[in-house]
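Quick notes on the structure that follows.
There are 2 protein chains.
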Amino acid sequence: MIELNELHSPADIKGLDNRELEQLSDKLREALLKKLSAHGGHVGPNLGVVEATVALHYVFNAPEDQMVFDVSHQSYVHKMLTGRIGAFIDPARYDEVTGYTSPGESDYDLFEIGHTSTSISLATGLAKARDMKGGHQNVIAFIGDASLGGGMALEGLDYAPTLGSNIIIVVNDNQMSIAENHGALYGHLARLRETDGQAPDNIFKALGYEYVYVKEGNDIERLIDAFSKVKDADHAVVVHINTMKGQGLPVAEVNKENFHFAGPFDLKTGAPLHGGSSESYTDMFAERMLAHIEDNSEVAVLTAGTPGAFGFSESRRLRAGKQFIDVGIAEQDCVTMAAGLAKGGTRPVMGVVATFFQRAYDQLSHDVGINNLPAVFVEFYPGMFGMNDVTHLGFFDVAMVSNIPNIVMLSATNAEEYQAMIDMAVAQTSHPIVIRTPGGAVRHSDRPVDTDFFRYEVVERGEEIAVIAEGAMFARASEAVDLLRKQGLKPTLINPRILSSVDKKCLDSLAGYRHVVTVEDGIVDGGFGQKVAAYLSPRGVKVTCLGLAKEFIDRFDVKELMEANGLTPEAIAATACK
Amino acid sequence: MIELNELHSPADIKGLDNRELEQLSDKLREALLKKLSAHGGHVGPNLGVVEATVALHYVFNAPEDQMVFDVSHQSYVHKMLTGRIGAFIDPARYDEVTGYTSPGESDYDLFEIGHTSTSISLATGLAKARDMKGGHQNVIAFIGDASLGGGMALEGLDYAPTLGSNIIIVVNDNQMSIAENHGALYGHLARLRETDGQAPDNIFKALGYEYVYVKEGNDIERLIDAFSKVKDADHAVVVHINTMKGQGLPVAEVNKENFHFAGPFDLKTGAPLHGGSSESYTDMFAERMLAHIEDNSEVAVLTAGTPGAFGFSESRRLRAGKQFIDVGIAEQDCVTMAAGLAKGGTRPVMGVVATFFQRAYDQLSHDVGINNLPAVFVEFYPGMFGMNDVTHLGFFDVAMVSNIPNIVMLSATNAEEYQAMIDMAVAQTSHPIVIRTPGGAVRHSDRPVDTDFFRYEVVERGEEIAVIAEGAMFARASEAVDLLRKQGLKPTLINPRILSSVDKKCLDSLAGYRHVVTVEDGIVDGGFGQKVAAYLSPRGVKVTCLGLAKEFIDRFDVKELMEANGLTPEAIAATACK
């Protein structure tokens, strides 16, 4: 029997028999439970694929055989088996690995992957490259946990068999997305499960795949049998495995949604170790929208598979009833369905995680923007205060959204302003509106809300120097202005609110100013500051644009990031009086 | 019998019998042929759906019943039947209608639609709005001509049946995309056609649709039967109709690709009326890539269903063999497959129409950008010199692409530079590179190509005033500089080439300049000029950014657009010496 600390590479498990592989799986699961309960992470998805990952590495020969995990938050066990066990059994080393596959970490990892539904396209590229080079390795896409319903996965599923060569798609069917599944495809998968893979109208067979069903997707022996049979196939294969999300942690098996991703928790009870009762913008949004829903039967809240990201827990979804729409992980469909709902005279409001909004750029432009339909999109975790994995960065959103015509992009600086923006957006029917939920902790203000959101708000009128700061940066800029006042300066402080156009009248009032500084919670390139600079520069006003550098960064510390980019109150003040 | 000039609304055809409807269809087709041969347009798609559109309007009651056309280039007959016949039978009025559905033109048109695969999502939104409002109309998505393979159509197909109410999806199966179909789904449709709809593993049934097959999709009577049966259904239905693209024009029935969209042509021979033998960047690209393909078996050219847009005609595709990849209209899959190909060590080069590149924003960022994979993307029809339909604008691409980290965006000013950029991009393996094909007629230059493309090229070093102009704007700026010289000024002229970052060293050399003008073939917001302004403004140099206003405009005249935005040589010169 092998001990976990002896696991250096997949070669170490090749000689084990089924019983030893089962024992290994138990140990891996035990270690996972220990780490995840102390450290947090994607709990349910990884507990569900312990046996499948062991079987994959037993049957196939990575890194020659190429595996793509989708979403790669299911790759913890893969990491444990490919030279990174230390980061799972030694608490001091828990942070040595990222939560996703990462080529910088290991040659066994091929891509950074944090958005869903990419694996079949990536695998198709690898397979075609293999064919062009005359290689013979297996290429495997391991897709599941709701990734299959995304449009790009379906595009991949459509194209892959036409290669006419080896590609193996493992559909990890754990019957779940982050929340429950949506979309007719999952009804089809359910019928396949119920019939041991025999249901008629098999969608995979329709596309020309060899189809293999594994009823016991947490049974090593069955998995090895199935994978061995399809290894080295000269055509496209789907292996549909029925797994249990959260297996081995009873609370996670029952409450799959809460344990999709969790912070540190009590291993016995499942209770979170750190309190979570502080005020949040997500709860604020959810309650505000429920009030609108109760008030108006034509208000709908939409999501593409991430209801929890904006406070729509199961109980709140029940309260919203048919006015809550979850299309599954299908951002394109969701944004364009919102366009249809707006055209149909209802008031659609989509909650969307900033990084996932990227999937629907064209839909926002072509379907919502060109048609100028009054759909509302409320972004969560935009800017630098959200997720900090390189695959989930939220600070490119202003560059993406604000340069599309017709779309009004608003950014709130505090709770009162945020709620007033939501109310205005729901009430109006003239514009598509995107609202940035402020980053960081909830801030309140007793400054009366100026609801003329399409204009800049001059919070303090001074002279010579102006600071224009949006969203979460406004509070820092406000502190900077205090510092400047202590130096005897009288800066003007502006809260722009609207990021998609400049308030020319307000900017004209800065003529003759010595220096204007813009501060934004996002990259400078393509952001609102550069629009201000382009407007004021020919008018003889110097503008400095502060914000983040245009780069992909991984697992950063927000405080350090602000320091590095000159975004602390002290740095903003120093820049302003340069 | 009704005459075409008596067609005012769909009510006018309700009393006709089948024979009269057939006669009407013949007249509509005749009028279409006359207009299209004289005027150009989407020939094959519209000739194929004459009977289907007549049957739709006979059975359903628009505008109460809501029809969404996808792509809406198939909506000419719909326009003829809904009050716009004059624009099809009176040559003086041919330009009164756009080539797509257009709500500004008629209440029978619900959305501006020019990109594929949007109809099911839009229809789902309309259907949900109907259900929320307690309405009872039919909602119909008319999808075909390759739109069904796009990921967002598949997302819609997945979600629509879960509404549990009326939605009717007419799959117009004309066996074609713009070129031949790609993807396993089309093999499945072929099997359904061959078996009169009886083939096993029916993908529509798998998703819970009622499925109806119409073998004779150009037979009014059969179509009316089928549509009548599913009218007012309380669930989701797919009506799969087998139509003939180009029906009624023998050359178009045979050569479907060439007659997907055509300029004016001889009705008897099909020969184009206007010569097309002038030099083009598309041919240049195709021949250059064929040379690379012949030279290196690991070079691949990819497309998402639009090979003709960059010169890859059928004969050239044959020359490229297995090194040419068409994934069908699936931009997401294509971009991410390119990432996989690059990871696999080959050299993928995707040709992509700028407006359709929008579909793959997230893939460009998440799969190509974060992973920093050396895939190459060559954009066609970027800027203002490409298509001028509001749904096909190409001048948002710099704002979209250039603000994504790691992506190197290059813009060529002439043929020699363009080809050198392609050669460099194929040869290098350090960066993802996006190349803008210059807009307008091919320009040659005997200026030696400076291949250090990651730096600005100072074409003429002067003083006090600098003009930095990219792509097709460089020639205009060059003329502007000539005008300024005649006034005794000595401007500096710069060709930036790289749009995704500023050349700080070069810009530092402009310290002390009186005025810098940037000129770009795209919107100013989010473009390269604003990056220059943001860099130089705090350094005390005034910068004026010239380019297009951020707005959606339809069927513009390029010359007028340049005049309106101050982009003529005279206007650039006048701005520069302000």
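Going down the list, the protein sequences come from chains A and B.
Be aware that the first sequence starts at 192, since it is given in my numbering, and climbs by one per residue.
Be aware that the second sequence starts at 192, since it is given in my numbering, and climbs by one per residue.
Even for Gly, the Cβ is constructed at its ideal location relative to N, Cα and C.
Classified as buried, K226/B has 16 or more neighbouring CB atoms from the shown chains inside 10 Å of its CB. Taking 7 Å as the upper bound on Cβ-Cβ separation, chain A lies near residues K319, A320, R321, M323 and K324 of the stretch 319-334 of chain B.
With respect to chain B, the C-beta atom of N393/A has a partner C-beta closer than 8 Å. Residue nearest to L414/A within the set G718/A, R627/A, S263/A and N209/A is N209/A (criterion: CA-CA distance).
Every unbroken stretch of the alpha helix (DSSP H) spanning 4 or more residues and falling wholly within the stretch 454-529 of chain B is given here in chain order: 472-486 and 505-511. At a C-beta separation below 8 Å, M591/A has these neighbours in chain B: Y552, M591 and N594. When DSSP states are grouped into helix, strand and coil, R538/B belongs to the strand group. Here DSSP, grouped into helix, strand and coil, assigns T353/B to helix. Residue-level contact by beta carbon holds for N597/B and chain A, with a gap shorter than 8 Å. Closest in C-alpha terms to L739/A, from the list Q619/A, K722/A and G717/A, comes G717/A. Within the stretch 527-538 of chain B, contact with chain A at the beta-carbon level (separation under 8 Å) is assigned to T527, M528, A529, A530, G531, L532, A533, K534, G535, G536 and T537. Residue-level contact by beta carbon fails for G703/A and chain B, as no gap is shorter than 8 Å. Residue pairing by DSSP places M600/A opposite V625/A in a beta bridge.
Counting only Cβ-Cβ distances below 9 Å, K733/A has contacts in chain B at S728, P729, R730 and G731, in chain order. Rounded to whole angstroms, the Cβ separation of V672/A and P682/A is 5 Å, and the two are in contact under 8 Å. Under the three-state reduction of DSSP output, N252/B falls in the coil class, being neither helix nor strand.
The Cβ of N562/B sits closer than 8 Å to at least one Cβ of chain A. Between the alpha carbons of L727/A and R688/B lies a distance of about 26 Å. Interface annotation for the stretch 618-631 of chain B against chain A: empty, criterion Cβ-Cβ distance under 9 Å. For the stretch 352-382 of chain B, the beta-carbon criterion of a distance under 9 Å to any beta-carbon of chain A is satisfied by P352, T353, H373, G374, A375, L376, Y377, G378, H379 and R382. Annotation for D256/B: Q328 and N329 place their beta carbon closer than 6 Å to its own, counting only its chain and skipping 5 residues before and after. Ranked by how close their Cα comes to the Cα of N562/B, the residues L224/A, G277/A, P254/A and H306/A have H306/A in first place. Under the three-state reduction of DSSP, T244/A is assigned to helix. For F302/B, the neighbours in chain A by C-beta distance under 9 Å run, in chain order, A530, G531, K534, D558, I561, N562 and L564.
By the C-beta density criterion, H233/B is buried, having at least 16 other C-beta atoms within 10 angstroms.
Within its own chain, the residues whose Cβ lies closer than 8 Å to the Cβ of A337/B, once the five positions on either side in sequence are excluded, are T307, M367, S368, I369, N372, G496, G519 and I520, listed in chain order.
In the three-state reduction of the DSSP assignment, M258/B falls in the strand class. G335/B has N363/B as its beta-bridge partners, per DSSP. For F576/A, no beta strand (DSSP E) run applies, since DSSP gives it neither H nor E. Contact annotation for M258/A against chain B: no contact, minimum CB-CB distance about 13 Å [criterion: below 8 Å]. Runs of the beta strand (DSSP E) lying entirely within the stretch 699-735 of chain B, each at least 3 residues long, are 706-714 in chain order. Shown in chain order are the members of the stretch 463-492 of chain A whose Cβ falls below 8 Å from a Cβ of chain B: S488, E489 and A491. Here K447/A is buried: its Cβ has 16 or more other Cβ atoms, across all protein chains shown, within 10 Å. A Cβ of chain A is located within less than 8 Å of the beta carbon of G340/B. As computed with DSSP, L739/A is found in a beta bridge with I714/A. Identification of residues in the stretch 758-769 of chain A having a C-beta nearer than 9 Å to some C-beta of chain B yields T766 and K769, given in sequence order.
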